[in-house]
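**Q** Be aware that the sequence shown starts at 0, since it is given in numbering that gives the first Met the number 0, and climbs by one per residue.
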Amino acid sequence: MLTQLYIKNFALIDELDMDFRSGFSVITGETGAGKSIILGALGLVMGQRADVKSIKHGAEKCTVEAHFNIAHYGLESFFEQNDLDYDANDCIIRREINVSGKSRAFINDAPAPLALVKELGERLIDIHSQHQNLLLNKEDFQLNVIDLIAQNSAQLAEYAEAYDKYKAAEKELRQLEELISGNKEREDYLRFQHAELEEAKLEDGQQESLEQESEIMSHAEDIKAALYQAVEGIDGESNSMLGSLHTYVGKLHDIEEIYPNVKELAERLDNCYVELKDIAQDLGSQVEDVDFDPQRLDEITQRLNIIYSLEKKYRLDSVAELIAMHNDIKQQLQHIDNGDADLEEMRKKKEQMLAICTEKAAKLTAIRQEKAQQIEQQLQSMLMELGIPKVQFKIALSAKELSPNGCDKVSFLFSANTNTALQPVSQVASGGEIARVMLSLKAMISNAVKLPTIIFDEIDTGVSGRVAEKMANIMADMGKTDRQVIAITHLPQIAALGTTHYMVSKEETDQGTVSHMCLLNPSERVGEIAKMLSGSDVSAAAIDNAKTLLGIQLKYRNSNI
0 MLTQLYIKNF
10 ALIDELDMDF
20 RSGFSVITGE
30 TGAGKSIILG
40 ALGLVMGQRA
50 DVKSIKHGAE
60 KCTVEAHFNI
70 AHYGLESFFE
80 QNDLDYDAND
90 CIIRREINVS
100 GKSRAFINDA
110 PAPLALVKEL
120 GERLIDIHSQ
130 HQNLLLNKED
140 FQLNVIDLIA
150 QNSAQLAEYA
160 EAYDKYKAAE
170 KELRQLEELI
180 SGNKEREDYL
190 RFQHAELEEA
200 KLEDGQQESL
210 EQESEIMSHA
220 EDIKAALYQA
230 VEGIDGESNS
240 MLGSLHTYVG
250 KLHDIEEIYP
260 NVKELAERLD
270 NCYVELKDIA
280 QDLGSQVEDV
290 DFDPQRLDEI
300 TQRLNIIYSL
310 EKKYRLDSVA
320 ELIAMHNDIK
330 QQLQHIDNGD
340 ADLEEMRKKK
350 EQMLAICTEK
360 AAKLTAIRQE
370 KAQQIEQQLQ
380 SMLMELGIPK
390 VQFKIALSAK
400 ELSPNGCDKV
410 SFLFSANTNT
420 ALQPVSQVAS
430 GGEIARVMLS
440 LKAMISNAVK
450 LPTIIFDEID
460 TGVSGRVAEK
470 MANIMADMGK
480 TDRQVIAITH
490 LPQIAALGTT
500 HYMVSKEETD
510 QGTVSHMCLL
520 NPSERVGEIA
530 KMLSGSDVSA
540 AAIDNAKTLL
550 GIQLKYRNSN
560 I
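#1: If you reduce the DSSP assignment to three classes, tell me which class G338 lands in.
#2: Which residues in the same chain have their Cβ closer than 7 Å to the Cβ of K572, if we skip the five residues on either side of it in sequence?
#3: Assign F9 to buried or exposed, taking buried as 16 or more other Cβ atoms, counted over all protein chains shown, within 10 Å of its Cβ.
#4: Just mark V448 as buried or exposed, buried being the case when its beta carbon has 16 or more other beta carbons within 10 Å.
#5: Excluding five sequence neighbours on each side, which residues of the same chain lie with their C-beta closer than 8 Å to the C-beta of E79?
#6: Quick test of the definition: if touching needs 3 or more C-beta pairs under 8 Å, does the region 360–367 touch the region 406–423?
#7: Under DSSP, the alpha helix (DSSP H) around E75 begins and ends at which residues?
#8: Would you please state the rounded distance, in angstroms, between the beta carbons of S208 and L303? I believe it to be under 8 Å.
#9: Tell me whether L11 sits in a helix, a strand or coil according to DSSP, three-state version.
#10: Apply the 10 Å Cβ neighbour rule to D481 and answer buried if 16 or more other Cβ atoms are within range, or exposed otherwise.
#11: Whole-angstrom Cβ separation of E527 and L519, contact assumed at under 8 Å?
#12: Output needed for K34: all residues of its chain with C-beta closer than 7 Å, excluding positions within five of it in sequence on either side, in chain order.
#13: What are the start and end residues of each continuous beta strand (DSSP E) run of 3 or more residues lying completely inside the region 70–121, in chain order?
#14: I'd like to know whether the C-beta atoms of H193 and L321 end up nearer to each other than 8 Å.
#15: Are the CB atoms of I92 and L38 nearer to each other than 8 Å?
#16: Going by the DSSP bridge assignment, what does L4 pair with across the sheet?
#17: List in chain order: all unbroken alpha helix (DSSP H) runs of 4+ residues lying wholly within the region 451–507.
#18: Quick check: M477 and I453, are their CB atoms within less than 8 Å of each other?
#19: Considering just the uninterrupted stretch of the alpha helix (DSSP H) at V427, what are its terminal residues?
#20: Give the list of continuous beta strand (DSSP E) stretches no shorter than 3 residues that lie fully inside the region 353–433.
#21: Is I328 helix, strand or coil when you go by DSSP?
#22: What residue does the beta strand (DSSP E) around H515 start on, and which one ends it?
#23: What do you get for H66, buried or exposed, if any count of 16 or more other CB atoms within 10 angstroms of its CB means buried?
#24: What residues in its chain sit with their C-beta under 8 Å from that of G31, if we drop five residues either side in the sequence?
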C-alpha cells in the first residue's frame, strides 16, 4: 500500500510530504484546490508520460516520490526478474523532470526504464477516475472484468500459448502455399538454374585456389629463375654462401683452444650453416615443382571463366554465395516435387493446433459462463442496495472467431426498470448508475485480485444521500481486507466514513497560487464535513449534523470490526 508521498515543485505544489494509512481514507477540498494535482503526481510514479508544463513556474525540476509497503503482495519474483533490490517494507518509486524535458525514473534508487515503472505501478495502484467509466462500452474491458473475477489466469495462459502455436502454424502454412505457388510459376527457370549450377561443380574456396595457381603458372619462368639464383647463391659450385661459411666456421674452430670466447659464436654459425643448407634444399625442391603447363593453364582459365560468368550473371561476389544460391534452388525444387505432401503435413499440423486451441477456448467459455451468472446475481444485489431497486443486469456471452482472448463476445446489458428492455449499459445507464455499476465491479474485482491501493476519483458523481452512504460502506469494506482504499469526494456521507481524512486547499501568495494537503484531526473533520453540508457559512446546525454523521459512521465502522 501507499505509505508516503513526497512532491516538490509539481504544478501548484511547492513541497508536500504526506503519510498515508491502510483502510479507507478520504480526500476532500473545494473544486480547483488541487486534488487532481495529487492524482497527476501519482500518475507520474505509475509511469505516465512527463510534461514539462507540470513543473512549478520558476523551478528547474520537479520530483515525485512514492513509498509503498508491498510485504503481502507476492512481488518478489518481479524484482528478481528485473534485477532490482527488493524491500518489502519500503519500495520507492521516484520520478524527476527538469525544464529541458529530460525525465528520469528510479525504483529503489536504481535507474529504471519508464515501461518497467509503469508495469510495477499498475501492480501497486488502481486509479479509478470518471473517464474510466467510459470503459464500460469496451468489450475487452468487460471480458477482462469477468476473467479477473473468475481468477482464470492459468487457463488464459494455457489458451494464449495454444493460440500462439495455432497462429504460427497458420502463418507457416500460408507461407508454404505462397512459396510453392510462386515456385511453380517459375519452375522451368529454376530447373535451368539448378542444371547450370550443378554442371559447374562448384566447391567452396575453389576460386581462390585456381586464381593463385593461375598466377604462379603465368609467372613460372620468373619464379624458377629467382629460385635457381637463390639456390646457386647459397649452395652453388663457386663462391656460394655455404662454401664461404664453411671456411670461416672452420677457422673459428681452429682458434677455440687459444681463444675460448669464440666457441659459442662458432657453434651459432654451425647452426646457421645447417639452416642454410636446409633452405637451399627446400628451394631446390621448389624449382622442380614450378613448371609451365600450357594445357593446365588453359584448363584453369576456362574454369575461372565459368565461375566469373556465373558470378556476373547472378550478381554475386563469391563461389560460396553461388553454392548458397544453388542449395536454395534445390530446396525450392524439393518443395515443388514434394509440394502436395508438404502441404498435407502442414495442414494436419494446423488442424491439430486448431483443435487444441478450440478445446482450451471451450474451457475458458465454460468458466466465463459459470462466473457470469454469479456476477449477474451479485452485481444486481449490490445495485439494489445502491438505490436501483428494480435493476436488471445481464452478461450476454456469444461466440466469435478465435482471438487472443478466446472465442467469447461479451456485452453488459442493463435496465433500471423491470418493464424496460435490457440494452448495453453504456447506452442506457445514467452517469450516476454507471458510477454505481463500476464501483460494484471494482469491489468484486478487489476480492479476487491482490491490488494494494485503489483510488476512486469522485466516483460519487450523480449520487447523493442514502446511495452515497451505501457507496461509502462498500469502499470502507474494501479497505478492510489488507487493502488501502482512497476516495476523492465532495459528499459528506462518504467523507464521514473514512478512517483517515485529508483535506486539499489552496492559498494565494506573492509567488502565486499554492496548493496544500493536510491530515485532519477529529475537530477539524467536524468543521470540514459541516462545510460540505452547508457551504462556506458554517452554521451550528451544520456542525451538529456533521457530528451526528460522524457518530453514525463511527458506529457503522465499529459494528463491522
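A virtual CB, placed ideally from N, CA and C, is assigned to each residue, including glycine.
**A** Reading off the structure:
#1: The sequence position of residue 338 within the sequence shown is 339, counting from 1. It is helical.
#2: Absent from the model: residue 572. The displayed extent of the chain is 0 to 560, so no value can be given.
#3: Taking the first residue of the sequence shown as 1, we reach residue 9 at position 10. So F9 ends up on the buried side.
#4: Along the sequence shown, one-based indexing puts residue 448 at 449. Looking at its Cβ environment, which holds fewer than 16 other Cβ atoms inside 10 Å, V448 is exposed.
#5: Within the sequence shown, numbered from 1, the residue matching residue 79 stands at position 80. Around E79: Y85.
#6: Contact between the region 360–367 and the region 406–423 is present, because at least three Cβ pairs lie under 8 Å.
#7: Here the question's residue 75 lines up with position 76 in the sequence shown. Counting along the chain, the alpha helix (DSSP H) containing E75 begins and ends at 75–80.
#8: In the sequence shown, residue 208 corresponds to position 209, counting from 1. In the sequence shown, residue 303 corresponds to position 304, counting from 1. By a beta-carbon distance limit of 8 Å, S208 does not contact L303. Their separation comes to about 10 Å.
#9: One-based indexing of the sequence shown puts residue 11 at position 12. DSSP places L11 in coil when its eight states are reduced to three.
#10: In the sequence shown, counting from the first residue as 1, residue 481 sits at position 482. Classification for D481: exposed.
#11: For this step, residue 527 is matched to residue 528 along the sequence shown. For this step, residue 519 is matched to residue 520 along the sequence shown. With a beta-carbon spacing of about 6 Å, E527 and L519 fall inside the 8 Å limit used to define contacts.
#12: For the purposes of this step, residue 34 is taken as residue 35 along the sequence shown, with counting starting at 1. Once the five neighbours on either side are set aside, the close Cβ partners of K34 are I26, G28, I487, V503.
#13: DSSP runs (the beta strand (DSSP E)) wholly in the region 70–121: 90–97, 102–106.
#14: As a first step, residue 193 is located in the sequence shown; it is residue number 194 there, counting from the start. As a first step, residue 321 is located in the sequence shown; it is residue number 322 there, counting from the start. No, they are not a contact pair.
#15: For the purposes of this step, residue 92 is identified with residue 93 of the sequence shown, where counting begins at 1. For the purposes of this step, residue 38 is identified with residue 39 of the sequence shown, where counting begins at 1. Their beta carbons are not under 8 Å apart, which means I92 does not touch L38 by this criterion.
#16: Reading the sequence shown from its first residue, position 5 is the one you call residue 4. Bridge partners of L4 according to DSSP: M17, A65.
#17: Runs found: 464–477, 491–496.
#18: Position 478 of the sequence shown holds residue 477. Position 454 of the sequence shown holds residue 453. Result yes, Cβ atoms of M477 and I453 sit closer than 8 Å.
#19: In the sequence shown, residue 427 corresponds to position 428, counting from 1. Here the alpha helix (DSSP H) through V427 covers 424–427.
#20: Counting only runs of at least 3 residues, the region 353–433 fully encloses the following beta strand (DSSP E) elements, listed from N- to C-terminal order: 391–402, 405–414.
#21: Counting from one through the sequence shown, the residue named residue 328 turns up at place 329. Here I328 sits in helix by DSSP.
#22: Against the sequence shown, residue 515 aligns to sequence position 516. Note, H515: beta strand (DSSP E), 511–518.
#23: Reading the sequence shown from its first residue, position 67 is the one you call residue 66. With 16 or more Cβ atoms within 10 Å of its Cβ, H66 is classed as buried.
#24: As a position in the sequence shown, residue 31 is number 32, starting the count at 1. Once the five neighbours on either side are set aside, the close Cβ partners of G31 are K505.
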